[in-house]
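First to last, the sequence lines map onto chains A and B. Under full-length UniProt numbering, read the first sequence as residues 1 to 265, first letter to last. Under full-length UniProt numbering, read the second sequence as residues 1 to 285, first letter to last. Glycine included, each C-beta is placed from N, C-alpha and C at the ideal position.
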Amino acid sequence: MILSIEELSIAGRDRTIVDSVSLAVREGEFMALVGQSGSGKSLLSQAVGRLLPPNLHASGRILFEGSDLLERGPREMRALRGSRISYIFQDYQGAFTPFRSIGGHFDEYQKVHGETSKFVRRAKAAEALESVGLDAALLRRYPFQLSGGQLQRAAIATALLLSPRLLIADEATTALDSVSAHRVLELLARKQAETGCAILFITHDWRHVRRYANRLSVMQEGRIVESGGKHRILDHPQHEYTRKLIEAAPVLGRSLKSGLEEERP
Amino acid sequence: MKSLPLRAPFAPKKKKHGWQASIAALFALLAVAASAYAFLYLKHDPSLTDLRGRLLGASALHPLGTDHLGRDVLTRLLLGGVQTIGYSLLALGAALIIGIPFGLLAGYKRGWVDKLFMRIADGFLAFPDTIVAIVLSGLLGAGIGNLVLAIVIVKWVSYARLVRSTVLSESQKDYIRIARTNGLSDIRIMTKHLLPHIAGHVLVLVSLDLGKIILLISSLSYIGLGAQPPTPEWGTMLNDSRPYFQSRPELMVYPGLAIVSVVLLANMLGDYLRDRFDVKKEVQP
């Protein structure tokens, strides 16, 4: 169990947005957290990195590799973020600071996480870019000189740069068309197979995750209504809300209503 | 992988205030040439009085004549410019040093820090600059140092507010969020990822403010709250030559022209920079 969220509640001044949610991500698995906009799934993911806005307060326990993140100090959290836990977000266009080169970003992230040799930093950055199928020459470029697809890959490369144990993808495919979304998922799945990092994939549209996720959790209005293996949830939903969500995204021409292949033992 | 050209895509700039920049540059060049002339050839002591040679007309030795104490007007005018502009820049610099970190922190931290900082700023904003200058001179005595202090007290607020508004909108963007999720410290994000963003906006406001501050220093010196005689300062020079307006009006015209042209220059530069950096909303001249 790499990440285990126990009874986590997130509350503002006058209302509770996430209500005692428990969720577990196992080592090396692809876990999808599904729920409609406003169900609190993004806040949940921000709480893991202790990145909540200052007016929100999280209580409960977030165990990462066995220790509670809510008890860590800011310095420890900074050391953890980017190196052990990293994030990718929806907006690739704005993923890089506009006036710094792509290489500058790679260099800075390694520097703050203690890589002192400039030579090693440069080599690692080039390696990271090449591993997502980009030319290392892009390191010298500025974000506006890259195409959307290149930025997207470069952003994933920065997230995976320091081989994190947990990658949180917050609506990472939401702004993309189907083909690009599948390309990103393909890339994530491949990198996962290579590095063995766990992925917590947050989305409101599970057509994207059907093929890649191992397990699913469904979230509604700040609570988890159902979790389990994807076959169990997609083909035998227990909760009314899950059933509705599945019906809202019908699939054509496959044997099961989930659109998955028949499971062969 | 097809490699893209490394050059930034070239878009022709709208040259709206280009001619103003040229005139400003020309004027600055002229001022530098005149200063060099004064330093290299005239070598007058700006506070050396010569009562036998008072109120002289223009001559090769005194290109703009002498004042009521026989001091060389051109030398005093040029050194006065150094004084006025120097103190304006000093006041601006101090306002920036206070205002930028204040605004950065308020905009980045939000929450109660922001509320506290902005209420403090509102408090300072309630006092008009002239009033503060007069009160401070009354309390601490007249002098250019106190005048600069008064200007800093009044001016830092506008920088803090400008920086805050830019940082507020900028720190909502994903690249700041990603910098945080990648473990960068707040200080690093503020200095390396946010500060360069506000530089353009601040530069525009500085150049627009420069004219106003020069005017303020000169006008307060004119009424005797700023630089004290015999310091060569344009406002003080105006005041000194007031009794001789009937006989030698040009003694008042020279410093007046100098003030007008430098303020005009600063404003033109500000207009040009505003267009150049494409700053529209935040900076109100």
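Out of the options, which has the shortest C-alpha to C-alpha gap to residue i?
i, options, result
"residue 327 of chain A", "A:Lys191, A:Gly104, A:Arg223", "The question about residue 327 of chain A has no answer here: the residues shown for chain A are numbered 1 through 265."
"A:Ala189", "A:Leu134, A:Leu234, A:Leu52, A:Arg210", "A:Arg210"
"B:Ala160", "B:Ala142, B:Phe124, B:Asp129, B:Val135", "B:Phe124"
"B:Gly80", "B:Phe27, B:Ser169, B:Gln20, B:Ile144", "B:Ile144"
"A:Ile202", "A:Tyr142, A:Ala172, A:Arg84", "A:Ala172"
"A:Arg81", "A:Ala95, A:Leu160, A:Arg26", "A:Leu160"
"B:His68", "B:Ile151, B:Thr84, B:Tyr244, B:Asp174", "B:Tyr244"
"B:Asp72", "B:Gln83, B:Gly53, B:Leu40, B:Ala31", "B:Gly53"
"A:Leu162", "A:Ala213, A:Lys191, A:Gln145", "A:Lys191"
"A:Glu130", "A:Ser83, A:Ala154, A:Ser9, A:His231", "A:Ala154"
"B:Ala31", "B:Ile85, B:Ile100, B:Arg119", "B:Ile85"
"B:His62", "B:Val82, B:Pro230, B:Tyr37", "B:Tyr37"
"B:Ile153", "B:Leu195, B:Ile178, B:Ile134", "B:Ile134"
"A:Asn14", "A:Ser37, A:Leu56, A:Leu43, A:Leu8", "A quick correction: the sequence has Asp, not Asn, at residue 14 of chain A. Minimum Cα distance to A:Asp14 is reached at A:Leu56."
"B:Arg248", "B:Gly65, B:Ser59, B:Ser207", "B:Gly65"
"B:Phe88", "B:Ala126, B:Thr191, B:Leu208", "First, the amino acid is wrong: residue 88 of chain B is Ser here, not Phe. Nearest option by C-alpha distance: B:Leu208."
"B:Val157", "B:Leu90, B:Phe27, B:Leu78, B:Ala95", "B:Ala95"
At the 8 angstroms Cβ level, is residue i part of the contact set with chain B, yes or no?
i, result
"A:Thr158", "yes"
"A:Val132", "no"
"A:Leu51", "yes"
"A:Gly222", "no"
"A:Asp107", "no"
"A:Arg81", "yes"
"A:Ser86", "yes"
"A:Gly73", "no"
"A:Arg78", "yes"
"A:Pro237", "no"
"A:Thr97", "yes"
Start and end of the alpha helix (DSSP H) containing residue i?
i, result
"B:Met252", "250-277"
"B:Tyr175", "174-181"
"A:Thr195", "178-195"
"B:Ser165", "144-170"
"B:Ile97", "73-109"
"B:Pro230", "B:Pro230 -> no alpha helix (DSSP H), and no H or E assigned at all."
"A:Leu129", "118-131"
"A:Met77", "74-80"
"A:Arg207", "Looking at the DSSP string, A:Arg207 is not in any alpha helix (DSSP H), and its letter there is neither H nor E."
"A:Arg153", "148-160"
"A:Ile246", "240-248"
"B:Ser35", "18-37"
"residue 271 of chain A", "No answer is possible for residue 271 of chain A: the residues shown for chain A start at 1 and end at 265."
"A:Gly40", "Unbroken run through A:Gly40: none, as it is neither H nor E."
"A:His236", "Premise fails: A:His236 is in no alpha helix (DSSP H) and is neither H nor E."
Based on the DSSP secondary-structure assignment, which residues constitute the bridge partners of residue i?
i, result
"A:Arg215", "A:Met31, A:Gly229"
"A:Ser59", "A:Ser9"
"A:Ser67", "A:Phe64"
"A:Leu3", "A:Val25, A:Phe64"
"residue 266 of chain A", "No information on residue 266 of chain A is available, as it lies outside the stretch 1 to 265 that chain A covers here."
"A:Val18", "A:Ile10"
"B:Thr130", "None, per the DSSP bridge assignment."
"B:Thr66", "B:Asp72"
From the beta carbon of residue i, is the nearest beta carbon of chain A less than 8 angstroms away?
i, result
"B:Met1", "Note that B:Met1 scores 47 on pLDDT, short of 50, meaning its location in the model is unreliable and no value can be drawn from it."
"B:Gln20", "no"
"B:Ser185", "yes"
"B:Ile214", "no"
"B:His201", "no"
"B:Pro128", "no"
"B:Ile198", "no"
"B:Phe277", "no"
"B:Glu282", "Because B:Glu282 carries a pLDDT of 45, less than 50, the predicted location of this residue cannot be relied on, and no value is offered for it."
"B:Lys173", "yes"
"B:Thr191", "no"
"B:Asn239", "no"
"B:Ala180", "Looking at the sequence provided, one finds Arg at residue 180 of chain B rather than Ala. True, the Cβ-Cβ gap to chain A drops below 8 angstroms."
"B:Arg188", "yes"
"B:Arg177", "yes"
"B:Arg110", "yes"
"B:Leu273", "no"
From what residue to what residue does the beta strand (DSSP E) around residue i run?
i, result
"B:Leu208", "That residue, B:Leu208, is in no beta strand (DSSP E); its alpha helix (DSSP H) goes 195-222."
"A:Asp170", "166-170"
"A:Tyr87", "85-88"
"A:Phe201", "198-203"
Requested in this report: Answer yes if the stretch 85-99 of chain A comes into contact with the stretch 164-172 of chain B, meaning at least three C-beta pairs across the two stretches below 8 angstroms, and no otherwise.
Outcome: no
Query raised in the report: Counting pairs of Cβ atoms below 8 angstroms between the stretch 219-228 of chain A and the stretch 27-40 of chain A, do you hit three or more?
Result: yes
**Report entry** Cβ contact (3+ pairs, closer than 8 angstroms) linking the stretch 100-115 of chain B and the stretch 256-275 of chain B
**Finding:** no
Query raised in the report: Should the stretch 174-187 of chain B be regarded as contacting the stretch 111-124 of chain B, the criterion being three or more beta carbon pairs within less than 8 angstroms?
Result: no
Query - the stretch 139-159 of chain A / the stretch 102-120 of chain A touching (three or more Cβ pairs under 8 angstroms) - result: yes
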